[in-house]
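One structure is given below, encoded as structure tokens.
Chains as they are written, first to last, in the numbering used here: chain A, 215 to 617; chain B, 215 to 617.
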């Protein structure tokens, strides 16, 4: 019973820290996310030590990320995503290749053998959709073309990153790369995404009236929660991130007539769970490992490489949308967040990464996650206010006339 | 990562099982709770084994109970509770004494020595506010006088049960009963409840406009969540059930102007979390231990004693409210739920209970939880429909006239 009280206490501390951190960040005109991550660093086991990371906290954090991406999916129409499909694919691919090459070269120049260098390079690759998605949502720009490209590219990116990770761990494990098994993994992932978006979208459109059946009060909500959890589980079983499944779930549920009431309801669940995701992400940084001068220099170099490679890789691929939009897309893909942390943990387990390299990669993941949101905010708000999205001609309102 | 996928899968299975179980129960005209508990028994580790109980599941279950009682608190006004204070106290006390005496006598007659018999008796005592509260909420009768008596008595009951448990574990541990330390525990508990209800109520009434300040979108919600988690933690640190703290938190938040929008928002969080509470409760029953004829007989006797002692103890104490109301209060106090299970677990750990007695007590806790809800439902719905709560004279509507 007393253990239960301690776990409950840790949830309380994390939740309160998130609110305070978010509040401070917003007063400093920064996105709330930044403050939540920073609060996590501060109260985490490596700094003040006010919370120990326990499994329930990790699961609440994962659920937070799942519902975050589910709600982002709810605000995304499959049709809109398809329109930017070609650019998003280009951005996703180019945003994987460049960081992998840059990261590999850096590791190789630092004296790692080729297989290990490839593992290090993998940590440069993945994008954390969660952090950017939250910022886009906070800014209310999820409907923008750049946001759609970022979200589409994040799905492609996750599939490629997963393949890459499978490849480097296989090489690291001593076995050669099994092309057939990699192709199977690829086919599974692409098949999953295609099946869910194509079939799911149609099924949901048709079953929309069914969700209205007054079986019990929360029917549309509980059905949506089942779809969300179910696809998150399915995605993580075929090796994709659970949040990709949740994003797709949100996208197909968005085809129902209940999407607007569901959006509001999911935001309530998010208000409770999402803070756990960001605070726990921050709490994983071992700031003590970064005390030496050489480590600080290493963090600077690695972070710079990570930012530039992603910015250039994604930005160039999106150049057809205009320079400013390309810049927004590039910045939006910069955060490595929890995905970089996962790769680093695998590297530590496999004894490829030293304790210091581990801390450096995690610091890079966090720094990219903290740098990108304010820049993104500045890029969006630095624009001339949009002329009501050019809908004036659609609804027959003219600029002249009534003042 | 794969472990994470398995935990996510277990959440998915539990959530889906709860929906199916709840649905079936409602089609059989039973409260959804019954179906959710039964689903837990079925898929739990002792029957089908589709889910293993892991710590994240336990924490989600506890959070479910916390938010359930928080929402019940939101529908309860401190003033209303004070009106039934005298009867509720009587019901609480009498509903602890009689089951303790009956349980002790049975254990003593079954051959337990006095200290062990007292431990067994303690398992007969506690009431699970969660199960009854859910049923009252489902039936929409939380505003009724009987419901208020039940909720008030549940708070008294929990304080007394905690003292009793402290006493029997002390006696069991060989040491005598330390009257001073018991008094300290009592003073803490009563002081906590008094402080929260009296001071909290006033503070919340005054800070209501503050919660409207547009600091960030979910401010009233996040502030309420902080109060809810905070008081749940505080309650469990002084040895009360976390849900008692959550109930009090709901009651003081109900004094703000935002109570109605908060009620709706908390219901969304409940739709996600409460199913975990009931399914996990059900999953803890080791049905295999109950296979033998003697065990079945023992379950029957123990359950009968538990039902009768609570029914008589609480019913007699509430007789001043009329016979039917007294019956409703008595039935409402019958479920032992997770509280009985906690006492049984402590008894097993302390080697006071055999594996069989443990399973018997748990079966009793579950049976009382499954028997009471349908009876409660029948008692409430068997009444003549209320004449619109006699508000007609308040709003100036007359029965005659416009048809």
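Ideal Cβ placement from N, Cα and C applies to all residues, glycine included.
Under the three-state DSSP convention, the category residue 272/A falls into: helix
Test: residue 288/B CB closer than 8 Å to a CB of chain A: no
Members of the region 217 to 234 of chain B near chain A, C-beta cut-off 8 Å: 218, 219, 221, 222, 223, 225, 226, 229, 230 and 233
Environment of residue 247/B [buried if 16+ CB atoms lie within 10 Å]: buried
Span of the alpha helix (DSSP H), counted from its first residue to its last, around residue 458/B: 456 to 467
Burial state of residue 431/B (16 or more Cβ within 10 Å): Low per-residue confidence applies at residue 431/B: pLDDT is 49, beneath 50, and the placement is therefore not dependable, though the value from the model is reported in the following sentence. Answer is exposed; the Cβ neighbour count stays below 16.
Residue-chain proximity (residue 345/A, chain B), Cβ-Cβ < 8 Å: no
Three-way DSSP call (helix, strand, coil) for residue 429/A in this model: Because residue 429/A carries a pLDDT of 46, less than 50, the predicted location of this residue cannot be relied on, and the following value inherits that uncertainty. Correct three-state label for residue 429/A: coil.
Limits of the alpha helix (DSSP H) - the one that residue 452/A falls within: No alpha helix (DSSP H) holds residue 452/A; DSSP gives it neither H nor E.
Inter-residue CB distance, residue 186/B and residue 523/B (contact presumed, cutoff 8 Å): Residue 186/B cannot be examined here, being either before or after the span of chain B that is shown, 215 to 617.
Residue 250/A vs residue 574/A beta-carbon contact at 8 Å: no
DSSP-derived helix/strand/coil call for residue 264/B: coil
Any C-beta of chain A under 8 Å from that of residue 555/B: no
Contact with chain A by residue 482/B, beta-carbon distance below 8 Å: yes
Exposed unless 16 or more other CB atoms sit within 10 angstroms - verdict on residue 343/B: buried
Below-8 Å beta-carbon distance, residue 439/A vs any chain B residue: yes
Cβ-based neighbour list, residue 534/A, same chain, cut-off 7 Å, excluding 5 preceding and 5 following: 301
Secondary structure of residue 535/A, DSSP reduced to three states: helix
Listed by chain order, chain A residues near residue 450/B by CB distance under 7 Å: 218, 219 and 222
Buried/exposed call for residue 328/A, threshold 16 Cβ in 10 Å: exposed
is_contact[residue 411/B, chain A] using C-beta, thresh 8 Å: no
For residue 555/B and residue 379/B, the rounded distance between their alpha carbons: 13 Å
Cα-Cα separation between residue 283/B and residue 585/B, rounded to whole angstroms: 21 Å
Residue-level contact to chain B via CB, residue 471/A, 8 Å cutoff: no
Three-way DSSP call (helix, strand, coil) for residue 472/A in this model: coil
Top-ranked residue by Cα proximity to residue 267/B, from 224/B, 412/B and 394/B: 224/B
Closer than 8 Å to chain B by CB, residue 436/A: yes
C-beta neighbour in chain A for residue 242/B, strict 8 Å: no
Residue burial classification, residue 506/B (beta-carbon count within 10 angstroms, cutoff 16): exposed
Validate contact between the region 275 to 291 of chain A and the region 478 to 497 of chain A using beta carbons, cut 8 Å, 3 pairs: yes
Any C-beta of chain A under 8 Å from that of residue 468/B: no
Proximity below 8 Å, CB of residue 254/A to CB of residue 495/A: yes
Where residue 499/B falls: helix, strand or coil (DSSP): coil
Chain A contacts made by the region 266 to 293 of chain B, where a contact means CB separation under 7 Å: 269, 270, 273 and 276
Proximal residues to residue 473/B (C-beta, below 8 Å), its chain only, five neighbours per side dropped: 288 and 467
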